[in-house]
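Following our numbering, the numbering of the sequence shown begins with 284 at its first residue and continues without gaps.
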Amino acid sequence: MLLSRALSRAQGSTWMQLQKHAAMSSTSAAATTTSAPALELKPWTPESKRTGLLAVKQGCMHIYDDWGMAHPVTVLQVEECQVTQVKTKDVHGFSSIQLGVGLRKERNVTKPVLGHLAKAGVPAKRELHEFRVSDDALIPAGTTLNALHFSPGQYVDVCGKSKGKGFQGVMKRHNFAGQPASHGPRQSVEGQEDAWAHGEQARHPRQLVDSQDRPPT
């Protein structure tokens, strides 16, 4: 009983923090979207393809349902995700939406990119990404998107990029033990045979892009 109370109390505290952050995000989003045009509701068709979202992974947690079962979830933060460019078939030959996420200092962004973002009326962004969409899913430039873009229980395709670790030694790549840190030879047993230029044994781990497809319906 005490464990269940502690779990429910911890879950409630975490959930309240998430709700508070969502409320603050919605307030800031409402302030930034006052100048954006109102969106026109269009009927969904099987051929409709909407844009995705750009988010940053903040960590993992567990959510307990009404039966006390724990479900592992991943917490993603959608920070200032705005439409920076809209491409149409009439002009570009295809329909797509470019999104920008996060905030960045203007001095760290090139002038061509700043001019590109100024056309959409959005500040300097940390990341830009483009999504192919259908003609009925185009969104005006400057529109702010958040988690309400999806509905609860909806299956989505997720694609993430790992952090680049740079040049790494064998102790981290292959769990070599080494020798005592004092009164001994200097890294004499931390070497290995020649490794391949690419692959799992490479000395410079690549920056991998992993995708998780939605389950079949």
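Idealized CB from N, CA, C, for every residue including glycine.
Cβ-based burial, I380 [other Cβ within 10 Å; buried from 16]: On the sequence shown, position 97 is the one that residue 380 refers to. Buried, since its Cβ has 16 or more Cβ neighbours within 10 Å.
Nearest to G240 (by Cα), restricted to the options H345, G436, L324, Q365: Nothing in the structure corresponds to residue 240, since the chain is present only between 284 and 500.
Contact between the segment 407–418 and the segment 368–379 (3+ Cβ pairs under 8 Å): Because the criterion of three Cβ pairs below 8 Å is met, the segment 407–418 and the segment 368–379 touch.
Chain D within 9 Å of H354, Cβ atoms only: As a matter of chain content, chain D is missing from the structure shown, which is built from one protein chain.
Nearest-angstrom beta carbon gap, L386 and A403 [assumed within contact, 8 Å]: The residue you call residue 403 lines up with position 120 of the sequence shown. The residue you call residue 386 lines up with position 103 of the sequence shown. With 8 Å as the limit, A403 and L386 do not qualify as a contact, their Cβ atoms being about 15 Å apart.
Cβ-Cβ distance between A420 and T367 below 9 Å: Taking the sequence shown and counting its residues from 1, the one referred to as residue 420 is at position 137. Taking the sequence shown and counting its residues from 1, the one referred to as residue 367 is at position 84. No, these two residues do not count as a Cβ contact at 9 Å.
Whole-Å CB distance - K332 paired with L359, under 8 Å assumed: The residue given as residue 332 occupies position 49 in the sequence shown. The residue given as residue 359 occupies position 76 in the sequence shown. That pair is no contact at about 21 Å.
Same chain, Cβ closer than 6 Å to K325, five either side skipped, listed in chain order: Here the question's residue 325 lines up with position 42 in the sequence shown. Excluding sequence neighbours, K325 sits near D419.
Beta-carbon contacts of C343 that lie in its chain and below 6 Å, excluding the five residues immediately before and after: Position 60 of the sequence shown, counting from 1, holds the residue named residue 343. Same-chain partners within the cutoff: T357.
Status (buried if at least 16 other CB within 10 Å, exposed otherwise) for E330: Your numbering for residue 330 matches position 47 in the sequence shown. E330 should be labelled exposed.
C-alpha gap between V441 and E362, whole angstroms: The residue you call residue 441 lines up with position 158 of the sequence shown. The residue you call residue 362 lines up with position 79 of the sequence shown. Going from the Cα of V441 to the Cα of E362 covers about 17 Å.
M352 to R390 span [Cα, whole Å]: Position 69 of the sequence shown, counted from the first residue, corresponds to residue 352. Position 107 of the sequence shown, counted from the first residue, corresponds to residue 390. So the two alpha carbons sit approximately 49 Å from each other.
Classification of A313 by the beta-carbon crowding that lies within 10 angstroms, buried from 16 upward: On the sequence shown, position 30 is the one that residue 313 refers to. With a pLDDT of only 44 at A313, under 50, the local geometry of the prediction cannot be trusted, and no value is derived from it.
Rounded C-alpha distance that separates Y438 from A430: Indexing the sequence shown from 1 puts residue 438 at position 155. Indexing the sequence shown from 1 puts residue 430 at position 147. Their backbone Cα atoms lie some 13 Å apart in a straight line.
Selection from V374, V384, L400 that minimises the alpha carbon distance to L336: Position 53 of the sequence shown, counted from the start, is the residue given in the question as residue 336. Of the candidates V374, V384, L400, the one whose C-alpha sits nearest the C-alpha of L336 is V384.
Contact under 9 Å by Cβ, P502 with V369: Residue 502 is absent from the model: the chain starts at 284 and stops at 500.
Residue range of the beta strand (DSSP E) that includes R415: Taking the sequence shown and counting its residues from 1, one reaches residue 415 at position 132. Unbroken beta strand (DSSP E) run through R415: 410–415.
DSSP-derived helix/strand/coil call for M344: As a working mapping, residue 344 is identified with position 61 in the sequence shown. Note: M344 maps to strand in three-state DSSP.
Distance, K448 Cα to T317 Cα: Taking the first residue of the sequence shown as 1, we reach residue 317 at position 34. Taking the first residue of the sequence shown as 1, we reach residue 448 at position 165. Caution is warranted here: a pLDDT of 42 is assigned to T317, below 50, making its placement in the model unreliable, and no coordinate value can be reported.
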